[in-house]
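Read through the structure below, which is laid out as structure tokens, and then see the notes.
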Amino acid sequence: MAQEFVEEDVAKTLKLYNTISEEAKKVTEHVQGITRKVHSGEIATAKGLSILEVKYQLLLFYLMDLTHVIMKKVDGRSLSGEPAIERMVEVNMVLQKMRPLDKKLKYYVDKLVKAAVTGELGENHPLKHKPRPNNLVSKLEAPEDVLENDENDDDEAEKGVKAREKDQNGAKNRKYIPPRVAAMPYDHDETAAQSRQRLLDRTRRRALSSSMIREMQEELGDAPVEQYEGFALHHMRDGTRERNRREFEETMMTRLPVPKNERLRQRSLAMTEQLATLTHFREISVLAGEAQRIDTDMLPPKKRKKVQKKGKKGFKRGNKKAFYRKRR
Numbered sequence: 001m002a003q004e005f006v007e008e009d010v011a012k013t014l015k016l017y018n019t020i021s022e023e024a025k026k027v028t029e030h031v032q033g034i035t036r037k038v039h040s041g042e043i044a045t046a047k048g049l050s051i052l053e054v055k056y057q058l059l060l061f062y063l064m065d066l067t068h069v070i071m072k073k074v075d076g077r078s079l080s081g082e083p084a085i086e087r088m089v090e091v092n093m094v095l096q097k098m099r100p101l102d103k104k105l106k107y108y109v110d111k112l113v114k115a116a117v118t119g120e121l122g123e124n125h126p127l128k129h130k131p132r133p134n135n136l137v138s139k140l141e142a143p144e145d146v147l148e149n150d151e152n153d154d155d156e157a158e159k160g161v162k163a164r165e166k167d168q169n170g171a172k173n174r175k176y177i178p179p180r181v182a183a184m185p186y187d188h189d190e191t192a193a194q195s196r197q198r199l200l201d202r203t204r205r206r207a208l209s210s211s212m213i214r215e216m217q218e219e220l221g222d223a224p225v226e227q228y229e230g231f232a233l234h235h236m237r238d239g240t241r242e243r244n245r246r247e248f249e250e251t252m253m254t255r256l257p258v259p260k261n262e263r264l265r266q267r268s269l270a271m272t273e274q275l276a277t278l279t280h281f282r283e284i285s286v287l288a289g290e291a292q293r294i295d296t297d298m299l300p301p302k303k304r305k306k307v308q309k310k311g312k313k314g315f316k317r318g319n320k321k322a323f324y325r326k327r328r
């Protein structure tokens, strides 16, 4: 049985050797042809992108070191202390650090390559919107060649408008990505599965920290129940306001009217946060592995800035009463 496996491996190895020889000949011929064109001046390499030149040089060094390591492994020699491996690791690290730059320059490089290959500019290029003095000439008395040029210009303008409308329609369907003004990690290579797993982990951590899970752990667990009191900032602020109100009423021997917003606030404080979500088990379904997708209501709400509305200066009715109370 072992001998049969060895014979199969030998046949596959010989086939791979033949393939490598054929591909090496093709690559050699291609490189020699490009080199001849560069020396003859058919391909201009004087004004290029320096980052691409650095990238190609690093790839060439990496392939040279990789070929040297493969040659030593084929000969059966040891690779301990081989400097080529350290150089390969260094080049690999530099190439990984260059990936954000490649991402940023992708549009610029693609535009230059397209202009060099096709010899045409894009639909949204600024030169497409240059002024046309021929439009100032009256078409009733203009020669035929001017009319033909105007028709061609009109066709190009219509194509540009259609392309812009198509881009706008496509932009409406795409997801809005806000501009990044703060330093953030590079995550453009994150796949959809990795993004979904990250959201699942985030939702799972949020579910574990909910009060419902804590109460279930205290009820079903063997650990002693811990009693604690929290002093949140909004509770302290509400307590201070209520204490000042009570002191004023006791001092002045009168009752202050309770405004509508204060009554609504007291009513909302009377209901705890968990009463509205007692029958909602979607957030804790991720702990049992039942959540197949992430909904927007499972994620924590985002904080929004309050926009102050501009109005007329002066005292409102409620503010005027509060002002006189403070003066007393």
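Letter 307 of the sequence shown, counting from 1, is numbered 307 in the UniProt record's numbering, and no numbers are missing.
C-beta atoms are modelled at their ideal positions from N, C-alpha and C, and glycine is treated no differently.
Query                                                                                                                                              : Result
So, are the CB atoms of R241 and L256 less than 8 Å apart?                                                                                         : no
Counting only C-beta atoms, is M88 closer than 8 Å to chain C at any point?                                                                        : Absent from the structure: chain C. Only one protein chain is present.
Are Y101 and I51 touching if we call contact CB-CB under 8 Å?                                                                                      : Note on identity: in this sequence residue 101 is Leu, with Tyr being the wrong assignment. The answer is yes: Cβ separation under 8 Å.
Beta carbon of G76: closer than 7 Å to some heavy atom of the ligand FMN?                                                                          : With respect to the ligand FMN, the structure shown offers nothing to examine, as it has no ligands at all.
So, at 8 Å on beta carbons, what are the nonlocal neighbours of F61 in its own chain, with the 5 sequence-adjacent residues on each side left out? : R87, V91
Shortest alpha-carbon distance to Q266 belongs to which of M253, G239, E247?                                                                       : G239
Assuming L66 and K73 make a contact with CB atoms under 8 Å, what is their CB distance in whole Å?                                                 : Contact doesn't hold; Cβ gap of about 11 Å is too wide.
How is L14 classed by DSSP in three states: helix, strand or coil?                                                                                 : helix
Do A84 and H68 have their CB atoms nearer than 8 Å?                                                                                                : yes
If you compare alpha carbons, which of L49, R214, A24, V89 is closest to D110?                                                                     : L49
Round the Cβ separation of M93 and K55 to the nearest angstrom and send it over; I've been treating them as touching at under 8 Å.                 : Incorrect: roughly 14 Å between the Cβ atoms, too far for contact.
If you draw a straight line from the alpha carbon of L147 to that of P133, how long is it in whole angstroms?                                      : Its pLDDT being 45, under 50, L147 is placed unreliably in this model, and the value from its coordinates should be taken loosely. Taking the straight line from one Cα to the other gives about 13 Å.
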